[in-house]
Amino acid sequence: MIFKNLESSDILLSSFEVNKTFTVTNEDTGSGVYAFQITKGTDANQYGWGTDTSPKTTLSGSSFYSIPNYYVINNMFYRDLKQMYEVEPFSNNDVGGIGYQYVDSTVDYINGVPTSSVGYIDYEETRNLYDIPSKPSKMPLRRPYTRQLRDTANVISVPQELFGEGIKESSIRLTDDSTDVTIILEDDGRGNLYDVAYSASFASKTPNSTTNSGSVVGNIFYDHGILVITDTGSYSNVGIATGSNGFNLQFDATQTIYEREYVCTIGENDFQHTNNRSLKVDQSGSVAFFGNQYPTSTDLNKSYKNTIYDDYPYGLTGFSTGSFKNSQYQVGTELIPEASHSHFATYVTKIGLYNDANELIAIGTTAKPIKNEKEMILSFVVRFDTN
Numbered sequence: 013m014i015f016k017n018l019e020s021s022d023i024l025l026s027s028f029e030v031n032k033t034f035t036v037t038n039e040d041t042g043s044g045v046y047a048f049q050i051t052k053g054t055d056a057n058q059y060g061w062g063t064d065t066s067p068k069t070t071l072s073g074s075s076f077y078s079i080p081n082y083y084v085i086n087n088m089f090y091r092d093l094k095q096m097y098e099v100e101p102f103s104n105n106d107v108g109g110i111g112y113q114y115v116d117s118t119v120d121y122i123n124g125v126p127t128s129s130v131g132y133i134d135y136e137e138t139r140n141l142y143d144i145p146s147k148p149s150k151m152p153l154r155r156p157y158t159r160q161l162r163d164t165a166n167v168i169s170v171p172q173e174l175f176g177e178g179i180k181e182s183s184i185r186l187t188d189d190s191t192d193v194t195i196i197l198e199d200d201g202r203g204n205l206y207d208v209a210y211s212a213s214f215a216s217k218t219p220n221s222t223t224n225s226g227s228v229v230g231n232i233f234y235d236h237g238i239l240v241i242t243d244t245g246s247y248s249n250v251g252i253a254t255g256s257n258g259f260n261l262q263f264d265a266t267q268t269i270y271e272r273e274y275v276c277t278i279g280e281n282d283f284q285h286t287n288n289r290s291l292k293v294d295q296s297g298s299v300a301f302f303g304n305q306y307p308t309s310t311d312l313n314k315s316y317k318n319t320i321y322d323d324y325p326y327g328l329t330g331f332s333t334g335s336f337k338n339s340q341y342q343v344g345t346e347l348i349p350e351a352s353h354s355h356f357a358t359y360v361t362k363i364g365l366y367n368d369a370n371e372l373i374a375i376g377t378t379a380k381p382i383k384n385e386k387e388m389i390l391s392f393v394v395r396f397d398t399n
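Under our numbering, the first residue of the sequence shown is numbered 13, with each subsequent residue one higher.
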């Protein structure tokens, strides 16, 4: 085996994105495609909540509870704009301590969310269940029109093993037969879902100029593979009907592929020696055994016959011609006449790439043996893809 180190200039790593189209339906729960309804609930049914009485959807033996999942979805994807901004402390005498105020309430942290005053809704959040009645806490919050989660919504969840690193923008097409008329929803590339039959703003890929909402009926969160149908009117059953009234979802998965390229250069007079034992003098390539007179797993004292050295398991045909002795392999240096000619050259058939721990990680095979001329520089490019 002959080794040569690669320089950093010999290694090139590049990446590119690939996509694959998938189509799933409401029947693909076994593949991890789940559709269920989420509900905000009331203070009464949140207090003392239990699995026995809570509304749920059971799919492939798993239960999806409407109320808990509502708050999971809300906290993960519908966080209010002001919650994402920097805050600074200020004196708050009403609560007898230090409070916090938002430094900037117009910065756009969500792609496609408007920053003008007509593009969002201001409101206050209260926590009456947990606060002192005389001093309920109120937090001024803000939601864009394109990120409105109402009291109920329908969720379609796609497993990561299908969408990879994320669903490609502008690739969603959701066909639903839960109503008398087939509903087709597509995304605008900004995380919004539109009904293509009624949305002129979707056709132009431009949301409404004032509220940035157009006719949004839901949202798609590309990195998580989650679609949320937020419109509670004509689309209240989209995604949750079953059988022939179910849905068909088409999307493009995204995966980054890394192309690794290694330039392996053989300089002049490099790799001219061979370890091929068949080219060594006096090498027959075989050892004769007689009867049962050779070591076994139960009797290691038995020895070979017709060998120069009998140090098991070594001792083939002689130390000086490329055999084993004293548990050490010594490569013979004397070549047969055919291999000692001035025009004799080695041939390259395989190139192995090893890491720093001498572990073989890749093998490149040539289409045919390549002669390694002594006065010629050869460069081999080993290229393979990983993800």
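Just so it is clear, CB atoms sit at the ideal spot from N, CA and C, and this is done for glycine as well.
For residue i, count the other beta carbons within 10 Å of its own beta carbon; 16 or more makes it buried, fewer makes it exposed. Which is it?
i, result
"S354", "exposed"
"D397", "exposed"
"G176", "buried"
"K180", "buried"
"F259", "buried"
"K362", "exposed"
"K386", "exposed"
"I232", "buried"
"G279", "exposed"
"N287", "exposed"
"E198", "buried"
"A47", "buried"
"Y83", "exposed"
"D207", "buried"
"I23", "exposed"
"D368", "exposed"
"V45", "buried"
Look up residue i in the DSSP assignment and say whether it is helix, strand or coil.
i, result
"V30", "strand"
"S227", "coil"
"P349", "helix"
"N260", "strand"
"L174", "helix"
"R202", "coil"
"G376", "strand"
"I382", "strand"
"F392", "strand"
"G364", "strand"
"L239", "strand"
"L291", "helix"
"F15", "coil"
"F356", "coil"
"F283", "coil"
"F233", "strand"
Would you check if the distance between the CB atom of residue i and the CB atom of residue j is smaller than 8 Å?
i, j, result
"Q78", "T51", "Note that residue 78 corresponds to Ser in the displayed sequence, not to Gln. Yes."
"I241", "V229", "yes"
"Y234", "I195", "no"
"N166", "Q262", "no"
"D264", "S183", "yes"
"I269", "V30", "yes"
"L205", "L161", "no"
"T358", "N399", "no"
"V293", "I348", "yes"
"E273", "V360", "no"
"G178", "T266", "yes"
"G237", "Q284", "no"
"L174", "F34", "yes"
"V250", "D188", "yes"
"I375", "Y366", "no"
"T254", "N38", "yes"
"T244", "T191", "no"
"E271", "R159", "no"
"L291", "A351", "yes"
What are the partner residues of residue i, as DSSP defines its beta bridges?
i, result
"L25", "R272"
"R159", "Per DSSP, none; premise fails for R159."
"A265", "K32 and I179"
"S248", "Looking at the DSSP assignment, S248 forms no beta bridge with any residue, so it has no partner."
"S20", "Beta-bridge pairing links S20 to no other residue."
"I195", "D188"
"A165", "I50"
"T277", "S391"
"T398", "Y270"
Start-end ranges of the alpha helix (DSSP H) lying completely within the region 30-86, minimum 4 residues: Counting only runs of 4 or more, we get 55-58.
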